[in-house]
Structure formats: structure tokens, C-alpha cells
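> Chains as they are written, first to last, in our numbering: chain S, 126 to 418; chain W, 126 to 418; chain P, 126 to 418; chain Z, 126 to 418. Glycine residues also receive a C-beta, built at the ideal position from the N, C-alpha and C atoms.
There are 4 protein chains.
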Amino acid sequence: MMDRPRSPPLDALLGQEISVLDHGFIRVMDYMGNDDAIVQAARVSYGSGTRSVRDDRHLIRYLLRHRHTTPFEMAEIKLHVKLPIFVARQWIRHRMASVNEYSARYSLLDREFYIPAEDAIASQSGENKQGRAGAVSLDRAGAVGETMTGSAERAYATYLELLNEAAEGFVPDPQKQGVARELARAVLPVSFYTQWYWKIDLHNLLHFLALRADPHAQHEIRCYAREILRIVQAWVPHTYEAFIDYRLDAVDISAPALRVVRQIVAGETVDQASSGLSLREWRELSALLGSAL
Amino acid sequence: MMDRPRSPPLDALLGQEISVLDHGFIRVMDYMGNDDAIVQAARVSYGSGTRSVRDDRHLIRYLLRHRHTTPFEMAEIKLHVKLPIFVARQWIRHRMASVNEYSARYSLLDREFYIPAEDAIASQSGENKQGRAGAVSLDRAGAVGETMTGSAERAYATYLELLNEAAEGFVPDPQKQGVARELARAVLPVSFYTQWYWKIDLHNLLHFLALRADPHAQHEIRCYAREILRIVQAWVPHTYEAFIDYRLDAVDISAPALRVVRQIVAGETVDQASSGLSLREWRELSALLGSAL
Amino acid sequence: MMDRPRSPPLDALLGQEISVLDHGFIRVMDYMGNDDAIVQAARVSYGSGTRSVRDDRHLIRYLLRHRHTTPFEMAEIKLHVKLPIFVARQWIRHRMASVNEYSARYSLLDREFYIPAEDAIASQSGENKQGRAGAVSLDRAGAVGETMTGSAERAYATYLELLNEAAEGFVPDPQKQGVARELARAVLPVSFYTQWYWKIDLHNLLHFLALRADPHAQHEIRCYAREILRIVQAWVPHTYEAFIDYRLDAVDISAPALRVVRQIVAGETVDQASSGLSLREWRELSALLGSAL
Amino acid sequence: MMDRPRSPPLDALLGQEISVLDHGFIRVMDYMGNDDAIVQAARVSYGSGTRSVRDDRHLIRYLLRHRHTTPFEMAEIKLHVKLPIFVARQWIRHRMASVNEYSARYSLLDREFYIPAEDAIASQSGENKQGRAGAVSLDRAGAVGETMTGSAERAYATYLELLNEAAEGFVPDPQKQGVARELARAVLPVSFYTQWYWKIDLHNLLHFLALRADPHAQHEIRCYAREILRIVQAWVPHTYEAFIDYRLDAVDISAPALRVVRQIVAGETVDQASSGLSLREWRELSALLGSAL
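Put into C-alpha cells, the structure is as follows:
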């Protein structure tokens, strides 16, 4: 009897809670496929072209380099995730996934909310679209944390009062009518934790990671992305390595910027004025090449 | 020169804010296609089978009756919607749509939150009695509304204090460091309003409406669904009529329940015990047939 | 160490070729989840509403009856399918799936084409009378089969001649230039077999089966759907049973037709003229109720 | 009264057949949105970050450069396309689109098939995965064209004979029974033309074009992609320009290759052995930089 393809390092992680933020976690519930399954699908699809790449590792690198993405859809993973609502709202924008979320219409929410660690409390950046500039002072961070905690606690107390149900630390008032759960939860802030099962194929997971492990993503969702990267590394090591080289740490060079790079490589002198690049693009290219142009 | 297909009654609605709940709205921003475009696509796909149905209205009814859904994908609509975050969280579960949401990472949220009308508090609490008492009294509903308002106001004051930016009714303290917008917003409850552009094809919109205009959907999202139904009626009147008859007001009858209906129609006597239906299904069928079986 | 959820009856099928048509097959390559995984996801999402349904079988029936479809997305299956191109063209219209198809751009196609069995020729021609006569005789069916075979053989000979590559039963002419595979294949008819890996979640698979196991679907794709139904039965027996009762053998009754059924059940007399139904709908309802109205 | 956003240059193209290949065409049937609609959606989503980019053209360039793709989903186009079946089979792999195809189950197919122009008839490439090497000789190309034409003509004659319906150039034999259309079409080769309505949003269209206007795509589908590029240029000129610069003519540089580029720019000497790149990647980088490294 044939067995399903396995990934022993991922088997070892199955069911374990990996902590994220103050109360969150990620837990691998199930998965399907491995690096071999990707190679098998690629050899069917791309035929003799891929047969000349004999080595599985190189074939996977080739696929990712040339954006032959369909074989990566042949692997699938299902995670149990506990996360703040505001993170869930960013996460759910990735539509090519299946989700079953804990419902606050039917069930009571726990007294669990996210308070950022002191070094994660940053001020608003004035200059660019990025949300955070440097961290605020430790003093101020401590005060901010207390303010946020007090605010969440008060909201939860109001929630319990509206529900008027027996709950931990709450004795209902028999004289008062309780409000529907689906309504009472409206007072809870987006820092509260929710939970869901999230199932996605590897191609779409890599796309999620490319966006959410990026420095432009909000700190909190990056904490989750970082742990999922480790899961991917255990699950499909060849794919992980290729993904880092050809996607996560790779760069796009625009047609105009490529012309500049070619001039430099050819030993020509080029400046921003003559490059055809805007000042912004010129600086981006400069940073990319690791040298003042 | 050819013109794009139009729907004059929908043109008349373009850009107008249709109020929903206390501060929300729906605004038709753009659309593509009409009943004729659906008919045109159907005649291509289903060929002579559909050509025998000469009348457009009957062809559309035929398509919806037989779940030939692809022609309805040929029409598209784009709405601007303002809605509470907890409604947005239900709404976004419909993945076959395009969304651009106002971002609280980059922009300040307004002091606008949803407080249910008193009769909505009362009736929802009655409908959703998960082991609790029935509808709350109007008196209690009034008190609930005040509690929710106070809670939201306090949360917004905390939000402004954390941001420490100049805002309406708030003077920043020059001694204090402001917190990044993406962090400060974590204290705001899910009753706060957000906004988005939402674009979807008619087939997926009808699916959204079948679920969200249903009595099992939460009151607040049904208020939006009800207004969108009116928009659909103006836009594609034949499709709207067929949708009501064959989807929204239609019923599914399971194989076991159909056997019971056939027995009744044939004049046989049938009771729950002999029907093969569970008590729950027997009652559902009974309600459906509008008579005690 | 935790194990992945399994379905022992499906494990027993893994890797086995199930024959379909004259040269086709279906082979289960991998899967993820089982009836329990669906129940687990449902209890998270629908909370106490589903907790009152203690029994797993009844919970699954409840989910399918009320179109709570997201838990069925938590199970996934991957099939290896060999099928005629014209069947593949119908199959691929189901977009919510992942596919890696054998590529005739890169690889040589085998001399394998579909010739319908004589009774399939006869009966399809009878069923699909678009203004033509009924079923063809077995004699004529035999002649048709021979004509189709001759036509496919000639096309394949032309394919080999264009390629001018060494192949089974073909010796290339060293004087002639061969044509690229991606071009030469243009002469092959849609009766030729192709192969693919096809991966889909259970919710979307049930939707595929509802459409493709239906009598309106073409005979050939129904042969595949029938075998997949057996696979689903082995994999998730509770879901299979519920799917048959609430989807495949269930019926939709439109709002106007429901009014008629209610009148009948109430003992009233009703005829087509007074029913508000078109003659076509009246006949459909009559057939459904198993009695001349 | 507000009007729908328009693109006057695309209005001028509405309904016109743009010829592709020997019998194919593309016709713009309808569209929704323009460059302004993309900008409008972006300003909602990316807030103040995008407000600092005052100029619409630069904002669109910024969006494409940073892969902020959702605003491009706000524009939609619907094309009527006539194309050979083997091209349709590649095209349909793009799942994020809506399709209504002419059905050969219900309707008669015309005697129209694709025969490549003589300069498009190429030999099989021996070395790489690419289908075509150089063109075959004109003599051989002429012979190939005749062979393909003869093969298609014979198949069509068999099709008519099986159908035994009155058709152009065919008189049915009253003694013979006709075969169902859905069966008879199985003898037709994939060079025959089919037609469909195809509707897709601009984001997904650009993805389609990035893959199908690429030199690795098969010649025939590239002919269609090239015409659609012209349509996009007329419709959304800013988006078109940015797409060419940041996607179509842009390049990806992997993390290891970027290290090499940085060394070169810094004036260091680097060779393949010390670069960490495979020989294949070294050559690809060399070609990219337009100079022997």
C-alpha cells in the first residue's frame, strides 16, 4: 500500500503551539505534499525542459527563478492561528485561502488582548508612508502600554456588563437583561485576540510571506510571517532556500534602472540627471547597489 | 461609434449616498453590463438550447433556474461603502471581490461609531438567544445604547491621546511623544466605521445577497444587503426578479423530504416516524409547506 | 507525536488506477483531512449553534443542509487524471482548483484517443436531439466508431510525419526538417488523451460533482464524475451521504412553485393557468412531484 | 447626474475587430474604469503615503514599482476573442477571469482552422525547453502548411459526415442517422477556431500579459497578447507605461546575483567560480548586464 508523501521535520512540529506576540500562536494542524511533490508536478507540466535539470534542488530553484508557480500549488498546509483582530484584518486580505474563524456571534470572547512590548511601541513616522519611526522612550512606552491595557480592560468590563452572562470574574445581575453576543462584541477593540483555521497552498503562502515578511508590513503581522517562514523551512527546505534567494531577498530592477546598471558595468559614468530616473528611483537604485552612485 | 451597454435607472443612482445604519452609506461608483449583456453571453455559451427561449426575460429566468451562472459574471459593479468594522469583517469573507479599504495605518480614523437603534438592540437580543432570555425591553435598550456610546467615546479619547496629533477637539501635548497610527488604532472598538471601494461581478453579488439578506445573517449586514438588493433591481430588473423567485424566496428540498412531499401529493398519509426525516427536518419541512404535517 | 488526520478507506485506494472510458483513469495521489476535520472546523466557526448537534454525522448533514460550506474547504484531494482533451476543456472551467497538465509543447503525445463505445454513441445521439432524430442504431454506431478511429489514426500519422522524430512505428526521414512539437500537435483532434494532476478542496469538488454528475452533463465527463463520487464516499462517508441527500438528489423549488405545492398540500385545486407558472415550469414541477398535476 | 468614468481612446475601439492570426480576432465589448479610477482607489487605500505623490502618473508608477496591485483590480475589460482551441487551452489557465465560450455541444463549428504563416513554421529546438528553434526552409514550410491544411479539411469532412446535417457544402444522406454534435466534434483538431467572451480585471490582465507576451510563451498566444497590449495602451496609458518599465521590461535579480552586481559596481573583480552562481545563472546574469562578465 502506498503512503502519502511526508515531510518528517514538519511531522515533528504537528500540533505544537509556536508562540507569537503576547498571547498569540501558530500551530500546524495538517499538511499535504513536500518538495518531491512539487518536482513531480513540474516534470509533468514542463516536460523535457525540466528533465534536463536532473537534480531536484536545482529544478525547484529553476521553477522559482522563472516564476513557474503552478507546481507549488500542489502542496497545502493548514494552520491554527491565534492573532489580534487588527492583524486578522490584514491577513484576510489574502483571498486565495480557506478560513474558519472563531465566531463572536455565537461564542464568548476571552479577556485576551494585545499590548505591544515596550520596544515595539514606536512613534508615527512623519516623512513616509511607513507607520512607525523609531521607538518612543522607555518611559513613554511604559505609559502607553498602561493606557492601552486600561482601555482594553474597561472595554472588556463593558462587554461582560452588556452580556450579563456568568463568566470568569463576573457575576450577572439577575435584574438585568443581557444583550446578544453579536451586539455586545461591538465594544471590543481590535487588539482583542481571535482564532482561526487557515488553509492555503504553498504558492499562495509564499506570496503571503513575500508581502508580510517584508519590512513595509506592520510589525505584528511580520512576527507571524517570521514563524511561518521557519515552518516552511522545515516542511520544504529546497523551496524555502530558493524562495529566499529568488523572491524574498531578490530585487526587481526596472527597465530604466537596468539601463543605468548596464552603463556602470560597461564603465561609463552616469548621473541622475542623465539617467532618466526620478530622484526617488535614483536613490532606491543607489541603496540597492550598495554604493553612492 | 458603439457605446458601452447602459442601465439608465442605475445611471440615475450613480454617485448618490444611500444611508445605512447611523453613519454608514452605499454609493454606486461605476458598473459594467446590464440584463442584455447577460443574455448575449448566454446565447454564445448555451447555443441553440437558449435560442429557443426567445424572450430575454424568460432566458434570464431559465439561466437562474438551472444555475447557469457564468453569464452573470459578465456584469460588474463597484460600490463605495461606509460600514462598521465588525460588519466589514463578515463582508470580507466573500473572497471573489476586489477591495480597497481606507487604511488606519496611514490615516486618522474619524470619531464615528455604530450604536444600534433601540429596537435593533431589543430584537437582536431576542432572536439570538443562545441560552439567554428573550428580547430586552426598550428601557434596557436605551441604557445599553448609552453604555456603548460611553465606551466608544472613551476609546476614541484614548486613541487621540496616544496619537498626540492635532485633531478636532484635541490639542496635542508638546511634551509627549505620539504613538504610530497603526498602533494607536488597536484601542478602537469594532463598532467604528471604516470605508472601502468594493467591486464584484453580478454572479458573486447574488451569492453575497443570498447569504447576507437571509434572516440568519446579522441584522447590521442585512441592512446593507437590503439596499444592495434595491440597487440590483434598478440595474438588472429581469435578473432581480428571477433571483427573488429562484434563489432568495426559493427553497431546497432534500431527497428524503421530496419523498415525503410526493407521498402527500399522491394523497398518502405520512408521519415523522415513517418519513425517514429527523424531528428537526420534519419541522423544517412542515414550516416550509405552510401546514402542520 | 501527533499524526495527520487519515481516512483508512482512502489510504487503501492511494495510487491505484481506476479505469474510465477506453484509455482514461483516475488515481488518488494524495489527500488531506477527513470527516472529523470538517466537524472540527465547523465547531470553531459556528460555535454553540453546532455544539448542540452532538453527533458528527448530524452536524455534517446540518452544515450541508444550511449551505455552511467553508468547513468543507478544510479537506483537499489530489488526483492524477487521464482524459480526452474535449473532456479536459469542460473540466478546466472549474477554476477553484490547481492543475499541472502534461504539455504537448515539450513532450510527444501518445497514440491514444477516445472512441465512444457503441451504446454511448447511440444513446448520446438520442439524448441530445437538437432538432435531429433519436438514438442511432447499433449498426450505425459501429460504423461511426470506425470512422472516428480512422480519422484519429490519420491525424496521428500526420503528427508523426510533421515532427519527423523517431517514435514507435515511425522512422524519420533524414532529408526532412521536423516541425516544433507545439505546432505539430495542432493537427491532433480533441479526442486525444491528455493527463494532469488536479488538486481541489472538498467544497469545490462537491460543486464540480453537482454539475458534472448531473444528467445534463456530457456522458464522458459524467463517467469521471461517477468514479470521483465513489472516491468521495470512501474518503468522507458522512459528507458523501449528506451530499447525496441535500445536493445531488435534492431539488430547488422556486417561490412561485412553492406556492403551488402549498396549495396542493392544503387540499386546494390548482391548474397551470392559475398557478403563475409557465407551461415549462408547470411540467418541471409535475415531474418533480412525480404526478400529473 | 454623474457619468461613469471613461477612456475616450478605448471608446473609439469599442466593437471593432482587431485581426489576429489567419482567422482570429479581438474585439473590445465593454470596460469599466480608467487610470483615474486606479488613482482614486490607491488614495483611499494607501492614504497619506500616496497623497505625497501628487501627480497621477507618478502615483501609478509608484504603485506598480511597489507591487501595490489591488487598485488595478478596480478596472475591468470584456473582450470577444476568436482563437484556435490550442491557444484557448493555454489562455484558460488564467483562472481569475470570467468566460463564456461558444459551445460545440450545442452549435455547429465553422470550417475555420489555423494554419501558421510560412515564417512561423519552425523546427523543434533540441537544446532547451523552448518549443521552437529557427524557421524551417520555405520549401519545407510550404509543404507543412499544405499537410496541415489537408489534415484539417479531412477532419472537417468527417465531422460533417458524422453529423449528417445540412451545412454549407454538405448535403445530408437521408438514409443515415446523424451523430450528436457533442460527439462528432471529437474528430476536430485543436487548430480549429473557437470564440469566447472573456472578462478580466486590469491587475489580472497585466499578469496574463507578463506571462503571455513573454518570449517563452508560444508564438500564437503572443500574437494575441501583443494586440491586447495595444488595447491597454489606449485604455490606461499611465498604467501601460509603468507596466512596461516595471514589469514587462524589468528584471528580477536574485540575492546571489545582486551580490555579484554590487561587487562589480564597487570595482571588484568577480568570476563565476567565486560568485556562488551556477554556470547557467552566471550566463543569465551576463546576458542581463549586456556584457561578458
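1. Please name the residue or residues paired with Lys203 (chain W) in a DSSP beta bridge.
2. Span of the beta strand (DSSP E) holding Glu142 (chain Z)?
3. With DSSP as the reference, identify every bridge partner of Leu208 (chain Z), one or two as the case may be.
4. So Ile378 (chain P) is in the beta strand (DSSP E); what residue range does that whole segment cover?
5. Please name the residue in Z:Met127, Z:Met154, Z:Trp407 whose C-alpha comes closest to that of Met199 (chain W).
6. Would Lys207 (chain Z) pass as an interface residue toward chain P - the criterion being a Cβ-Cβ separation below 8 angstroms?
7. State the beta-bridge partners of Glu226 (chain P) as determined by DSSP.
8. I'd like the list of long-range same chain contacts for Lys254 (chain S), defined as Cβ closer than 6 angstroms, with 5 residues on each side in sequence excluded.
9. Helix, strand or coil, according to DSSP, for Ser248 (chain Z) in the structure here?
10. Please list, in chain order, the residues of the region 352-370 of chain W that have any C-beta partner in chain S closer than 8 angstroms.
11. Can you list the residues of chain S that Pro381 (chain Z) reaches, using a CB-CB cut of under 7 angstroms?
12. Check this for me: beta carbons of Phe368 (chain W) and Leu189 (chain W), under 8 angstroms apart or not?
13. Counting only runs of 3+ residues fully inside the region 283-307 of chain P, write out the beta strand (DSSP E) ranges in chain order.
14. For the putative contact between Leu313 (chain P) and Ala280 (chain P), defined by C-beta atoms under 8 angstroms, what is the C-beta separation to the nearest angstrom?
15. If we count Cβ pairs, one from each stretch, closer than 8 angstroms, do we get three or more for the region 381-388 of chain P versus the region 400-416 of chain P?
16. Measure from the alpha carbon of Arg347 (chain S) to the alpha carbon of each residue in S:Val357, S:Gln358, S:Ala335, then state which is nearest.
17. In chain order, which continuous runs of the beta strand (DSSP E) of length 3 or greater are located wholly inside the region 353-416 of chain P?
18. Excluding sequence positions up to five away, which residues of its chain have a Cβ less than 8 angstroms from the Cβ of Arg306 (chain Z)?
19. Please name the residue or residues paired with Gly149 (chain P) in a DSSP beta bridge.
20. State the start and end residues of the unbroken beta strand (DSSP E) segment that holds Arg257 (chain S).
21. Write down the C-beta distance between Leu243 (chain W) and Ala266 (chain W) rounded to the nearest angstrom, noting that I regard them as a contact closer than 8 angstroms.
22. Give, in chain order, every residue of the region 218-237 of chain W whose Cβ lies closer than 8 angstroms to some Cβ of chain Z.
23. Near Val304 (chain Z), which residues of its chain fall below 7 angstroms by C-beta distance, leaving aside the five closest residues on each side in sequence?
24. Report buried or exposed for Asp396 (chain W), applying the criterion of at least 16 other Cβ atoms within 10 angstroms of its Cβ.
25. Would you report the Cα separation of Asn329 (chain W) and Leu184 (chain W), rounded to the nearest angstrom?
26. Using a cut-off of 7 angstroms between C-beta atoms, extract the partners of Gly443 (chain W) located in chain S.
27. How about Glu226 (chain P) and Trp360 (chain P): are their beta carbons less than 8 angstroms apart?
28. Using a 10 Å radius around the Cβ and a threshold of 16 neighbouring Cβ atoms, would you call Ser170 (chain S) buried or exposed?
29. Looking at Thr274 (chain P): is its Cβ nearer than 8 angstroms to the Cβ of Ile240 (chain P)?
30. Using DSSP with H/G/I as helix, E/B as strand and the rest coil, what is Lys254 (chain S)?
31. Could one say the Cβ of Pro297 (chain W) lies closer than 8 angstroms to chain Z's Cβ atoms, at least one of them?
32. For the region 274-299 of chain W, list every residue whose C-beta sits within 7 angstroms of some C-beta in chain Z, in sequence order.
33. Below 8 angstroms between beta carbons: does that hold for Lys203 (chain Z) and Lys324 (chain Z)?
34. Leu327 (chain Z) versus chain W: which residues are under 7 angstroms apart at the beta carbon?
35. For Pro314 (chain P), which three-state DSSP category applies?
36. Taking C-beta pairs closer than 9 angstroms, name the residues in chain W that Val145 (chain S) reaches, listed in chain order.
According to the structure shown:
1. W:Asp155, W:Lys324
2. 142-145
3. BP columns for Leu208 (chain Z) point to Z:Thr319.
4. Counting along the chain, the unbroken beta strand (DSSP E) around Ile378 (chain P) starts and ends at 376-378.
5. Z:Met154
6. no
7. P:Trp321
8. A caution first: Lys254 (chain S) carries a pLDDT of 47, below 50, which makes its placement in the model too unreliable to give a value.
9. strand
10. none
11. Asp370
12. yes
13. Counting only runs of 3 or more, we get nothing.
14. 6 angstroms
15. yes
16. For the residues S:Val357, S:Gln358, S:Ala335, the minimum Cα distance to Arg347 (chain S) belongs to S:Ala335.
17. As far as the region 353-416 of chain P is concerned, its whole beta strand (DSSP E) runs of at least 3 residues are 376-378.
18. Contacts found: Ala229, Arg230, Tyr231, Ser232, Leu233, Leu288.
19. P:Val145
20. Counting along the chain, the beta strand (DSSP E) containing Arg257 (chain S) begins and ends at 257-260.
21. Sequence inspection shows Glu at residue 243 (chain W); the Leu mentioned does not correspond to that position. The Cβ separation is near 4 angstroms, so the contact holds.
22. Ser223, Val224, Asn225, Glu226, Tyr227, Ser228, Arg230, Tyr231, Ser232
23. Cβ within range, chain order: Leu287, Leu288.
24. exposed
25. Straight-line Cα distance between these residues: approximately 19 angstroms.
26. With chain W covering 126 to 418 only, the question about residue 443 (chain W) has no answer from this structure.
27. no
28. buried
29. Yes, the Cβ-Cβ distance between Thr274 (chain P) and Ile240 (chain P) is below 8 angstroms.
30. Low confidence applies here, because Lys254 (chain S) scores a pLDDT of 47, under 50, leaving its location unreliable; read the following figure in that light. Coil, per DSSP.
31. no
32. none
33. Judged by beta-carbon spacing, Lys324 (chain Z) lies within the 8 angstroms limit of Lys203 (chain Z), meaning their Cβ atoms are closer than that value.
34. Chain W residues near Leu327 (chain Z): none, gap ~10 angstroms exceeds 7 angstroms.
35. strand
36. Correct list: empty, because the minimum Cβ distance to chain W is about 16 angstroms.
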